[in-house]
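Asker:
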Amino acid sequence: MADTFDLIVIGSGPGGYVCAIKAAQLGLKVACVEKRETLGGTCLNIGCIPSKALLQSSENFHDAATSFADHGVMIAGITLDLAKMHARKRDVVEANTKGVEFLFRKNKVTWLKGEGRILSTGRVSVAGTEYETKSIVIATGSESTPLPGVPVDETRIVTSTGALELSEVPKRLVVIGAGVIGLELGSVWHRLGAEVTVIEYLPRIVPTLDADVAKDFMRILEKQGLKFRLGSKVTRAMTGESGVTLMVEPAKGGEAETIEADVVLLAIGRRVFVDGLGLTEAGVQLDERGRVWTDDHYATNVPGIYAIGDVRIGPMLAHKAEDEGVAIAEILAGQAGHVNYGAIPSVIYTWPEVASVGKSEDELKAEGVAYTSGKFPFTANGRARAMGNTDGYVKLLADKTTDKLLGAHIIGPDAGTLIAELVTAIEFGASAEDVSRICHAHPTLSEAVKEAAFAVEGHAIHM
Ligand code: FAD
Ligand code: NAI
Numbered sequence: 004m005a006d007t008f009d010l011i012v013i014g015s016g017p018g019g020y021v022c023a024i025k026a027a028q029l030g031l032k033v034a035c036v037e038k039r040e041t042l043g044g045t046c047l048n049i050g051c052i053p054s055k056a057l058l059q060s061s062e063n064f065h066d067a068a069t070s071f072a073d074h075g076v077m078i079a080g081i082t083l084d085l086a087k088m089h090a091r092k093r094d095v096v097e098a099n100t101k102g103v104e105f106l107f108r109k110n111k112v113t114w115l116k117g118e119g120r121i122l123s124t125g126r127v128s129v130a131g132t133e134y135e136t137k138s139i140v141i142a143t144g145s146e147s148t149p150l151p152g153v154p155v156d157e158t159r160i161v162t163s164t165g166a167l168e169l170s171e172v173p174k175r176l177v178v179i180g181a182g183v184i185g186l187e188l189g190s191v192w193h194r195l196g197a198e199v200t201v202i203e204y205l206p207r208i209v210p211t212l213d214a215d216v217a218k219d220f221m222r223i224l225e226k227q228g229l230k231f232r233l234g235s236k237v238t239r240a241m242t243g244e245s246g247v248t249l250m251v252e253p254a255k256g257g258e259a260e261t262i263e264a265d266v267v268l269l270a271i272g273r274r275v276f277v278d279g280l281g282l283t284e285a286g287v288q289l290d291e292r293g294r295v296w297t298d299d300h301y302a303t304n305v306p307g308i309y310a311i312g313d314v315r316i317g318p319m320l321a322h323k324a325e326d327e328g329v330a331i332a333e334i335l336a337g338q339a340g341h342v343n344y345g346a347i348p349s350v351i352y353t354w355p356e357v358a359s360v361g362k363s364e365d366e367l368k369a370e371g372v373a374y375t376s377g378k379f380p381f382t383a384n385g386r387a388r389a390m391g392n393t394d395g396y397v398k399l400l401a402d403k404t405t406d407k408l409l410g411a412h413i414i415g416p417d418a419g420t421l422i423a424e425l426v427t428a429i430e431f432g433a434s435a436e437d438v439s440r441i442c443h444a445h446p447t448l449s450e451a452v453k454e455a456a457f458a459v460e461g462h463a464i465h466m
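So the sequence shown is residues 4 to 466, counted in the working numbering.
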């Protein structure tokens with residue numbers, strides 16, 4: 004007789020592995036099913052971690068070749084060893100995936116290797132063995148959305164997975180989709196020497212960003228040399244001996260033209276992955292967009308089956324998946340698990356970084372909320388000047404009547420780290436004045452946050 008469990012989690016991405024560890028820490032007997040050779044899901048294997056490793060390495064290369072000289076650091080004959088860069092990235096990935104394996108052993112989570120299939124409430128089969136469990140959590144994540152007429156081969160026409168593995172720097176890289184993946188991985192290859200053109204269907208980049216910030220972000224990226232074709236759609240891609248020919252049309256219709264590329268990165272979004280999971284047979288309902296339907300407590304329509312992370316509603320972000328993993332583990336252990344969806348940060352790890360939390364200006368306008376805003380540029384921040392990184396600003400949005408912080412948007416050096424303070428502020432219901440009264444160390448980039456809070460009241464000190 005195979006083992007029985009309190010909880011079987013299917014998928015070991017940041018949603019699944021965090022859920023499994025937390026549930027084990029709360030006293031449940033837990034197994035996590037993963038069909039990949041290594042744990043950690045999309046995030047650790049082919050997503051967040053390898054992309055950030057390449058972003059860091061390519062930034063180092065680019066800085067050494069361009070901005071070091073401004074600091075009086077003169078290096079002659081800089082060359083790129085791409086194979087070594089990839090090898091380092093693989094080491095970083097391995098350290099992380101092996102780390103999850105260690106944490107599973109430490110917390111006594113059983114890794115069931117193979118594809119998991121839900122047979123019914125309380126029954127899961129993995130590699131021909133059937134297991135019984137009180138609860139099942141679906142955490143099977145997402146995959147790249149395909150585009151008809153643009154056949155991915157992961158060599159010439161790649162998704163993010165292939166774009167993390169290119170064995171040489173393409174001369175011409177065309178990116179389809181000016182979203183997070185397109186701009187992060189487009190930046191990597193641009194820094195390493197590729198000519199990058201981004202084709203975007205909408206008249207703007209990163210549709211989820213505050214419109215103001217998106218406009219300034221695009222201007223900064225253009226200054227770096229990335230090219231954009233907004234309001235355009237790719238209707239076909241033909242792969243030949245020497246590259247790819249793309250048919251491109253205005254989004255609203257019109258004359259088509261061709262663009263030649265050595266490599267094409269398709270990055271038009273991600274879609275839920277539930278293949279082979281047996282959801283139809285188990286009677287688990289999907290919502291109108293193909294996501295696993297759940298209530299506010301992660302329960303699907305079938306008793307004892309829950310879902311978290313990219314497979315359910317909400318932003319497809321690793322930390323959102325992790326927080327849902329903790330919340331459902333607490334709920335299953337009889338506690339009150341909860342995620343504050345109004346305080347989930349999002350970060351684009353380009354240079355400069357772009358980070359936001361809470362409402363955008365467009366959302367506040369659409370909701371008819373009266374607000375005040377305060378902005379402080381990094382050009383007026385002493386530390387940013389010392390670093391030589393003055394692109395961007397901090398922009399805060401607060402309720403006009405109560406001064407409560409409603410949104411924060413940062414474009415600039417280390418924006419992803421700076422946003423944490425504002426996530427905390429929003430989580431605790433702080434006002435802009437509260438932030439302006441907190442002592443910030445000098446000279447740090449975080450002083451720009453304090454100054455933006457002063458600006459909400461009308462007057463920044465250093466502007
Ligand atoms: P996943 O991480 O997708 O994990 C699902 C796991 O389930 C996979 O390992 C899969 O093999 C397994 N699985 C599926 N079906 C079965 C089955 N039937 N049986 C067994 N196992 C199964 N987010 C951020 O917050 N920050 C970032 O910087 C960031 N960068 C990214 C960069 C890239 C290139 C990509 C593609 C994504 C990035 N993301 C980032 C998004 C992030 O990776 C996802 O939001 C996150 O991984 C979702 O976690 P998850 O646990 O829901 O699913
Ligand atoms: P995305 O949703 O961020 O962006 C897709 C872009 O493609 C949008 O601008 C969209 O308008 C455009 N688009 C859609 N169809 C198109 C078409 N036919 N032609 C041209 N443009 C088209 O999706 P992306 O970049 O693929 O990333 C997927 C998700 O992965 C992100 O939304 C995010 O949730 C996650 N991610 C997060 C990262 C982070 O947190 N730093 C990094 C990378 C991915």
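Beta carbons are placed, not taken as given, at the ideal position from N, Cα and C, and that holds for glycine.
1. Could you check where the alpha helix (DSSP H) with residue 370 kicks off and where it finishes?
2. Looking at ligand 1, does it come within less than 7 Å of residue 322, judged from the CB to the closest heavy atom?
3. For the beta strand (DSSP E) holding residue 354, just list the boundary residues, first then last.
4. Quick check: the region 165-175 against the region 336-343, are there 3 or more CB pairs under 8 Å?
5. For a minimum of 3 consecutive residues, which ranges assigned as the beta strand (DSSP E) are wholly contained in the region 388-426?
6. Tell me where the alpha helix (DSSP H) around residue 255 begins and ends.
7. Which class does residue 188 belong to by DSSP, given the choice of helix, strand or coil?
8. At which residue ranges does the region 88-143 contain complete beta strand (DSSP E) runs of 3 or more residues, listed in the order of the chain?
9. Helix, strand or coil for residue 348, going by three-state DSSP, please let me know.
10. Where does residue 292 land, buried or exposed, given buried means 16+ other C-beta within 10 angstroms?
11. Is the CB-CB distance between residue 57 and residue 92 below 8 Å?
12. If you reduce the DSSP assignment to three classes, tell me which class residue 361 lands in.
13. Going along the chain, which unbroken runs of the alpha helix (DSSP H) with 4 or more residues stay wholly within the region 15-71?
14. Mind checking which residues open and close the alpha helix (DSSP H) that includes residue 241?
15. Counting pairs of beta carbons, one from the region 106-115 and one from the region 15-34, are three or more of them closer than 8 Å?
16. Go to residue 175, then tell me how far its alpha helix (DSSP H) extends in each direction, as first and last residue.
17. By how many angstroms is the C-alpha of residue 431 removed from the C-alpha of residue 422?
18. Assuming contact is defined by CB atoms lying nearer than 8 Å, are residue 459 and residue 359 in contact in what I supplied?
19. Regarding residue 319 and ligand 1, is the C-beta to nearest heavy atom distance less than 7 Å?
20. Excluding the 5 residues flanking residue 400 on each side, which residues of the same chain have their C-beta closer than 7 Å to its C-beta?
21. Taking the straight line between their C-alpha atoms, what separation do you get for residue 82 and residue 321?
22. In whole angstroms, give me the CA-to-CA distance for residue 464 and residue 451.
23. Compare the Cα-Cα distances from residue 66 to each of 256, 254, 193 and 453 and report the closest residue.
24. The beta strand (DSSP E) that contains residue 147, what's its start and end?
25. Taking only heavy atoms of ligand 2 into account, decide whether any of them is closer than 7 Å to the Cβ of residue 15.
26. Consider the C-beta atom of residue 289 and the heavy atoms of ligand 2; say whether any pair is separated by less than 7 Å.
27. Using the C-alpha atoms, what's the distance from residue 279 back to residue 150?
28. Within the present structure, is the beta-carbon of residue 313 separated from the nearest heavy atom of ligand 3 by less than 7 Å?
29. Pair every Cβ in the region 309-324 with every Cβ in the region 344-360, then say whether three or more of these pairs are closer than 8 Å.
30. Buried or exposed: which applies to residue 73, given that a residue is buried once 16 or more other Cβ atoms fall within 10 Å of its Cβ?
31. Quick check on residue 386: does DSSP put it in helix, strand or coil?
32. Buried or exposed: which applies to residue 120, given that a residue is buried once 16 or more other Cβ atoms fall within 10 Å of its Cβ?
33. Should residue 357 be listed as close to ligand 2, given that the test is whether its C-beta is under 7 Å from any heavy atom?
34. Under 7 Å: does the beta carbon of residue 316 sit that close to some heavy atom of ligand 2?
35. Grab the span of the alpha helix (DSSP H) containing residue 439 for me, first residue to last.
36. Please name the residue in 443, 415, 379 and 436 whose C-alpha comes closest to that of residue 466.
Answerer: On the basis of the data shown:
1. 364-370
2. Checking every heavy atom of ligand 1 against the Cβ of residue 322, one is found closer than 7 Å.
3. That residue, residue 354, is in no beta strand (DSSP E); it is neither H nor E in DSSP.
4. no
5. Scanning the region 388-426 from its first residue to its last, the whole beta strand (DSSP E) runs of 3-plus residues come out as 396-402 and 408-415.
6. Unbroken run through residue 255: none, as it is neither H nor E.
7. Note: residue 188 maps to helix in three-state DSSP.
8. 113-116, 119-123, 126-129 and 132-141, all fully within the region 88-143.
9. Here residue 348 sits in coil by DSSP.
10. exposed
11. Yes, they are a contact pair.
12. strand
13. 17-28, 44-49 and 51-68
14. Membership of residue 241 in any alpha helix (DSSP H) is not indicated; the residue belongs instead to the beta strand (DSSP E) covering 235-242.
15. At 8 Å Cβ cutoff, the stretches touch.
16. Careful: residue 175 lies outside any alpha helix (DSSP H), inside the beta strand (DSSP E) at 175-179.
17. 14 Å
18. no
19. yes
20. 362, 364, 367, 374, 376, 409 and 410
21. Going by the C-alpha atoms only, they are around 34 Å apart.
22. 10 Å
23. 193
24. Residue 147 -> beta strand (DSSP E) spans 145-147.
25. no
26. no
27. Spanning the two alpha carbons is a distance of roughly 22 Å.
28. Of the ligands one can find in the structure shown, namely ligand 1 and ligand 2, none is ligand 3.
29. yes
30. exposed
31. Reduced to three states, the DSSP call for residue 386 is helix.
32. A residue is called buried when at least 16 other Cβ atoms come within 10 angstroms of its Cβ; residue 120 meets this threshold and is buried.
33. no
34. no
35. 435-440
36. 379
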